[in-house]
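Residue numbers (the working numbering), protein chains in the order written: chain A, 78 to 351; chain B, 786 to 1050.
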């Protein structure tokens, strides 16, 4: 296969942007994995420094039961926190948009919540709240809350002024304006916030687990990483890490899909221009 | 005692000064009879949109009064009359189909579902968009979106149609076509129309009365009658009468744009 003839070998379907969107990242991933495996084997790196991808996959299977349980725990905290953050965030935004002065009075505290590092407050929350799962859900929710608040508030406010006038001209009441105009206008912003928050709830859950350091049946992936670190079980550490990343990717993809389902067709961000 | 037709719109020395002291509109007196097609023409900043929005009740005059069929705008419903407003942009809900966009004013007014559906069908046919009832606005061209907006304006069977530079953003050919369609609707439905534009040709083509406004501060400076017969077609635009009216308006618009007018009191 010589280079000058390459273009002819590219099939039409391979030039389809939708296919390329999937194939290109996979190709990059394959190249990286092969490079990694090659370097580990070639340089003869010991597994307690860098395990090879093959060893990592093996560990994923041999330690499957432990890691699977841990994944379930982390996922549970993440999803609970994401749910709490979404519901709470939306409720707070509705309060914010009631009046400019309410927003002005409360918004700085939302910012305060956002800029205070969760690691710094997590110990407090863990002391205050007895139940470890609940305390971790609270920590993760706090991390995930802000994007929902700020995006949804922005969305509820960014109604096209003329369309708002139109509703006013037709004597629409507060409820009709909210339901028929403000909420649909806010949806694209809301989903943008959800997409950011889904990743943040995972990060929050992992950080909370690190701080709480809960072992036993309630041990999540972060605890597995801590333990594996103490025991120099680096392959398991990598396997746990892989699971965390995959969870994050899955959450992101799911949120993108959901956003596409909800907005598909009408919002500029979701329309594919071929 | 002779009977005079009730004026549809009365503007009684209404003026608008914004809180920062800007005089958007000096006191204006204007009376529009039922069935008239009146164009507000003038350079930007002359307060023509402000005046229109005051008639609609979207803006409160600082002083003075506005009456629609002898009633304040807020009590218009009591006189059994209805008013519709068409904005410069289509202002459609991007998430709703054409049909649902047109149905909106009926839904807001609590009109019964099957009756609303019939009405929506009727006006969509009127603007030639029956085939696109289920389409989303973004699938339509600018001209078609504007037609949806007009359909939404007509669906409530208005007596008064207020239009704020509705075709300003469209290309010339589309604008001519929509102008002609609008005239047909006006005649068919016996509407009273106030139409804001900055196009002299549009003003001459459409209206039987042109109100010229000037800027800084916004005010009415002159009035013109365009006493040419309807229906007006594209041929009307190449007649001498048309160009004479256009010339008169052109001169007046030039004077209005200079800002230093004898009419300035």
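The beta-carbon is built from N, C-alpha and C at its ideal position, and this holds for glycine as well.
Check                                                                                                                      : Outcome
Pair within 9 Å by beta-carbon distance, residue 832 of chain B and residue 1003 of chain B                                : yes
Whole runs of the beta strand (DSSP E) within the stretch 958–983 of chain B, excluding any shorter than 3 residues        : 977–982
Integer Cβ distance of residue 169 of chain A from residue 226 of chain A, believed to fall under 8 Å                      : 5 Å
Sheet register partners of residue 795 of chain B (DSSP bridge)                                                            : B/816, B/852
CB-CB length for residue 222 of chain A against residue 162 of chain A, believed under 8 Å                                 : 5 Å
Chain-ordered chain A contacts of residue 894 of chain B [CB-CB under 9 Å]                                                 : 247, 248
Residue 303 of chain A versus residue 96 of chain A - alpha carbon distance                                                : 39 Å
For residue 247 of chain A, the three-state DSSP class (helix, strand or coil)                                             : coil
Residue environment, residue 905 of chain B, which counts as buried when at least 16 other CB atoms sit within 10 Å        : buried
Candidates B/961, B/964, B/815, B/886: closest to residue 934 of chain B by CA position                                    : B/886
N-terminal and C-terminal residue of the beta strand (DSSP E) that residue 1005 of chain B is part of                      : 1004–1010
Residue 949 of chain B - DSSP class collapsed to helix/strand/coil                                                         : strand
Within chain B, the residues that residue 242 of chain A reaches when beta carbons sit closer than 9 Å                     : 838, 841, 843, 870, 872, 876
Cβ shell of residue 332 of chain A (< 6 Å), same chain only, five flanking positions each side left out                    : 271, 272, 275
Classification of residue 801 of chain B by the beta-carbon crowding that lies within 10 angstroms, buried from 16 upward  : buried
Cross-chain neighbours of residue 343 of chain A in chain B, by beta carbon under 7 Å                                      : 879, 880, 921, 923
In DSSP terms, what residue 999 of chain B is bridged to                                                                   : B/1004
Length of the line joining the Cα atoms of residue 840 of chain B and residue 974 of chain B                               : 21 Å
Of the residues A/328, A/338, A/343, the one placed nearest residue 153 of chain A, counting alpha carbons only            : A/328
Exposed unless 16 or more other CB atoms sit within 10 angstroms - verdict on residue 145 of chain A                       : exposed
Exposure of residue 313 of chain A, with buried meaning 16 or more beta-carbon neighbours within 10 Å                      : buried
Reduced DSSP secondary structure (H/G/I, E/B, other) of residue 314 of chain A                                             : helix
Residues bridged to residue 821 of chain B [DSSP beta-bridge criterion]                                                    : Answer is none; residue 821 of chain B lacks a bridge partner.
Nearest-angstrom Cβ-Cβ length linking residue 981 of chain B and residue 834 of chain B, presumed shorter than 8 Å         : 6 Å
Amino acids of chain B, ordered along the chain, whose beta-carbon sits closer than 7 Å to that of residue 237 of chain A  : 876
In chain order, each alpha helix (DSSP H) run of at least 4 residues that lies wholly inside the stretch 83–135 of chain A : 83–86, 94–119
Rounded straight-line distance, which links the Cα of residue 94 of chain A to that of residue 350 of chain A              : For residue 350 of chain A, the predicted model reports a pLDDT of 48, less than 50, meaning its position is unreliable; a value from the coordinates is still stated below. Distance between the alpha carbons of residue 350 of chain A and residue 94 of chain A is about 10 Å.
Range covered by the beta strand (DSSP E) that runs through residue 1023 of chain B                                        : Segment: none, residue 1023 of chain B is in no beta strand (DSSP E) and carries neither H nor E.
Against chain A: residues of the stretch 885–909 of chain B by CB proximity under 9 Å                                      : 889, 890, 892, 893, 894
Residues bridged to residue 184 of chain A (per DSSP)                                                                      : Bridge partners of residue 184 of chain A: none, in fact.
Beta-carbon proximity list for residue 997 of chain B, same chain, < 8 Å, skipping 5 on both sides                         : 826, 827, 1005, 1006, 1007, 1008, 1009, 1034, 1037, 1038, 1041
Within-9 Å CB hit, residue 257 of chain A to chain B                                                                       : yes
Residue 231 of chain A at chain B interface by Cβ criterion, 9 Å                                                           : no
Among B/873, B/993, B/888, nearest to residue 928 of chain B - alpha-carbon criterion                                      : B/873
Cβ neighbours of residue 277 of chain A in the same chain (closer than 6 Å, five flanking residues each side left out)     : 220, 221
Per-residue contacts from residue 261 of chain A into chain B (C-beta, under 9 Å)                                          : 878, 879, 880, 881
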